[in-house]
Amino acid sequence: MWVLQSHQIIQPAQFLSHRCYTCNGSSRPQLCFLTLNPSTSTSKANKNNNHLIQSLCRQGNLKQALQVLTNEPNPTQQTYELLISSCAHQHSLSDGIHVHRRLVDSGFDEDPFLATKLINMYSELGSVDHACQVFDDTRDKTIYVWNAIFRALAIVGRGEEVLHLYGQMNWIGIPSDRFTYTYVLKACAASEDLNLPLQKGREIHGHLLRHGCDGNVHVMTTLLDMYARVGSASYASSVFSAMPIKNSVSWSAMIACYAKNGMPIKALELFHQMILEEHDSYPNSVTMVSVLQACAALAAFEQGKMIHAYILRRGLDSILPVLNALIVMYGKCGELALGQRVFDQMKRRDVVSWNSLISNYGMHGFGKRAIQIFDKMINQGVSPSRISFISVLGACSHAGLVEEGNFLFESMVSKYNMHPSMEHYACMVDLLGRANRLDEAIKLMDNMHIEPGHQVWGSLLGSCRIHCNVELAERASSVLFELEPRNAGNYVLLADIYAEAKMWDEVKRVKNLCEARGLLKVPGCSWIEVRRKIYSFVSVDEINPQIEQLHAFLTKLANEMKEQGYATQTKEVLYDLEEEEKERIVLGHSEKLAVAFGLINTSKGETIRITKNLRLCEDCHSVTKFISKFANREILVRDVNRFHHFKNGFCSCGDYW
DNA sequence: ATAGGGTTAG
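The working numbering puts the first residue of the first sequence at -14, with every later residue one more than the last.
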């Protein structure tokens, strides 16, 4: 932790004088800037040496440049400038430190220009603490110096320190400029330790308005993005509409905001507005990545295909992130073969391309295939990333491949020298727990080298839900209520488990606890795309104009099913009600409404594609299996975890989900 | 001398 020392806070008048306020001029008498000005050297040899160092730096020959430096008593500012940028370019921290030392010896540590360069160099070399040291040692802190340290700290997420220093800068009376605002806003958004990023961000918003920066595209886009990152899409959108000048970056930032904050329909609407409205901002590859993400989130296959065609027309189909996003989009629309085709046709692939393909197969329950692709990636010399392991372990989990998953998990350390993170442990607990090997899951948790976090306990609780283990669920949820008291999902899971065990008093207790803490259960919501339009359904929907028709359809279907010996699975209903009433509630589940809507509004032979924001309930699962046979339709449902491909009375998950 | 948006998992 590094902060500006309290004795360094000084009054503006004092700050402007060149007297050292830290030591009152006593500590570095040898560094008097005026008497030892290196530029006063006129020797021809020196001049040549300086030129030589500079040209060596320009050629990228840092080592030789440093050798010449040892014979040069009076390097110039420009020489240092080139040396510093060369060290950054060559990624050599040790050389950077060496140049810095020489620079101090030459008395250039009073030069704010070089201090700025040094801070940027250290930031690029990953040593922010060195950068802070330079900042501390620089008495004449110009706005460039301040901005450089803000940038360095913001990049590594030390937002709290940026804001602390920003406060000091304001107090001293140094005016911010447009660059300052971009860094400080980034610090709000990227801060890991900031309590109230939104509040702080709004404060900076006020400052920049007072400084008249509201016409600057860079500042305003950063502001928009800051609101997006702290989850305030509505603030972001009001900044966006207030912007007098917008460019492609501002449009992309706004689209990305919607795509990332669970508003994919708005993202697509804004994209269409971007294309149709008269202005100079055209979508580029970055825009398209967010648009594809929105299609993926909605499983909007028709839209996705149109966007793909647009990408081809605009010649954006050679850009790696765009192609990767296409693989994901097709995968999340249930079109594995199309995702594979994009992958096969790529001229270059990176680890993200491989990971995307692995998780596509994993999501669809093709665990063995996912492992094969993982192995193929290794064989082609691509080193797996942390996410590669999360993807492949997730694939094992969906397919119940416990031994394979264990093997891969062990190989992480033994073969790839990678230490499993919290997420990896969460995957393993999920894998073991789903397979009803809860004892092994607990054992793994006991042997973790880090304290198990909410992800891990959450996986365990999810497994308890599947296997209705009340005792373990109580243990897991008591930890979770401590770790993330505001996550309503945990309360719902526990209540589900109690309900299944018919422990109605306990159900009530958990529901009351949830209510007392002011938490709302996330409503079940499903989406379906019909003729390029997206329709959404929430459970017990009364807004949809076809709702009567849908209910009639479902009731008729339910009767039909009963005649064929099907019993409604009502155990997921959280109330102790009459069976008939429970059936009515289960009948109103959003995914059933969406399935019914799809059947009514599409033609025979058309695949029905549905996404759901929660896990598919057991009754919906068996009803959809029934419908797929009864109506002879393929139905694809993607829930939060994975795909269910219903066909001819069976589901691709093999009832393991 | 310094600035803004995007990809993989759960």
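Positions of the beta carbon are idealized from the N, C-alpha and C atoms, including for glycine.
Spatial neighbours of residue i within its chain, please: CB distance less than 6 Å, with the 5 preceding and 5 following residues excluded, ordered by chain position.
{"i": "R623", "result": "A284 and T596"}
{"i": "N105", "result": "A133"}
{"i": "C638", "result": "G350 and H629"}
{"i": "I343", "result": "A355, I358, F359, S376 and V377"}
{"i": "A281", "result": "V313, M314 and K317"}
{"i": "M362", "result": "W339"}
{"i": "D415", "result": "S382 and S444"}
{"i": "A411", "result": "Q440, V441 and S444"}
{"i": "L67", "result": "Q39 and C42"}
{"i": "M211", "result": "L170, C173, A174 and G186"}
{"i": "S237", "result": "V271 and T272"}
What first and last residue would you give for the beta strand (DSSP E) that runs through residue i?
{"i": "Y651", "result": "One cannot answer for residue 651 here, as it falls past the ends of the chain, which runs -14 to 642."}
{"i": "H629", "result": "F628 to K632"}
When we look at the beta-carbon of residue i and count the other beta-carbons within 10 Å, is it buried (16 or more) or exposed?
{"i": "S12", "result": "For S12, the predicted structure reports a pLDDT of 35, less than 50, and the residue's modelled location is therefore unreliable. A value from the coordinates is still provided. Exposed."}
{"i": "R502", "result": "exposed"}
{"i": "W156", "result": "exposed"}
{"i": "M291", "result": "exposed"}
{"i": "S24", "result": "Its pLDDT being 43, under 50, S24 is placed unreliably by the model, and the measurement read from it follows with that caveat. Answer is exposed; the Cβ neighbour count stays below 16."}
{"i": "L41", "result": "buried"}
{"i": "Q357", "result": "exposed"}
{"i": "F635", "result": "exposed"}
{"i": "P508", "result": "exposed"}
{"i": "G300", "result": "exposed"}
{"i": "I230", "result": "exposed"}
{"i": "S448", "result": "buried"}
{"i": "Y267", "result": "exposed"}
{"i": "R298", "result": "exposed"}
{"i": "A514", "result": "Note on residue identity: the sequence assigns Glu, not Ala, to residue 514. Per the 10 Å Cβ criterion, buried."}
{"i": "K102", "result": "buried"}
{"i": "F694", "result": "Past the edges of the chain, shown from -14 to 642, lies residue 694, and the structure says nothing about it."}
{"i": "I260", "result": "exposed"}
{"i": "K428", "result": "exposed"}
{"i": "T207", "result": "buried"}
Starting from residue i, trace the alpha helix (DSSP H) both ways and give me its first and last residue.
{"i": "V204", "result": "V202 to R214"}
{"i": "S223", "result": "A218 to A227"}
{"i": "W489", "result": "W489 to A501"}
{"i": "V608", "result": "E603 to F615"}
{"i": "S344", "result": "V336 to M348"}
{"i": "R81", "result": "Per the sequence presented here, residue 81 reads as Gly, with Arg not at that position. Segment L78 to D90, the alpha helix (DSSP H) holding G81."}
{"i": "P249", "result": "P249 to L261"}
{"i": "F351", "result": "Looking at the DSSP string, F351 is not in any alpha helix (DSSP H), and its letter there is neither H nor E."}
{"i": "Y267", "result": "Per DSSP, Y267 belongs to no alpha helix (DSSP H) and is neither H nor E."}
{"i": "M650", "result": "Any answer about residue 650 is impossible in this case: the structure gives the chain only from -14 up to 642."}
{"i": "H452", "result": "H439 to H452"}
{"i": "P97", "result": "P97 to E109"}
{"i": "W131", "result": "I128 to I140"}
{"i": "C242", "result": "S233 to K245"}
{"i": "T587", "result": "It is not in any alpha helix (DSSP H) - T587 carries neither H nor E in the DSSP assignment."}
{"i": "M397", "result": "V387 to S399"}
{"i": "D329", "result": "L321 to Q330"}
{"i": "R187", "result": "P182 to R195"}
{"i": "S303", "result": "That residue, S303, is in no alpha helix (DSSP H); it is neither H nor E in DSSP."}
Per DSSP, what are the beta-bridge partners of residue i in this structure?
{"i": "T596", "result": "W512 and R623"}
{"i": "F120", "result": "Beta-bridge pairing links F120 to no other residue."}
{"i": "C636", "result": "F631"}
So, for residue i: in the same chain, excluding its five sequence neighbours on each side, which residues have a beta-carbon less than 7 Å away from its beta-carbon?
{"i": "D335", "result": "L305"}
{"i": "L311", "result": "L277, H293 and V327"}
{"i": "Y641", "result": "G385"}
{"i": "V274", "result": "P306, V307 and A310"}
{"i": "R517", "result": "E287 and Q288"}
{"i": "M248", "result": "A218"}
{"i": "V337", "result": "N309"}
{"i": "E548", "result": "none"}
Might you give, ordered along the chain, the residues of its own chain that have their beta carbon closer than 8 Å to the beta carbon of residue i, omitting 5 neighbours on each side?
{"i": "M397", "result": "F374, M403, H404, P405 and H409"}
{"i": "L446", "result": "A458, A461, S462, L465, N475, L478 and L479"}
Check whether the segment 495 to 509 and the segment 610 to 627 touch, using three or more Cβ-Cβ pairs below 8 Å as the test.
no
Take every Cβ of the segment 184 to 204, pair it with every Cβ of the segment 155 to 170, and state whether three or more of those distances are shorter than 8 Å. yes
Exercise. Please confirm if the segment 481 to 497 is in contact with the segment 465 to 473, defined as three or more CB-CB distances below 8 Å between the two stretches.
Key: no
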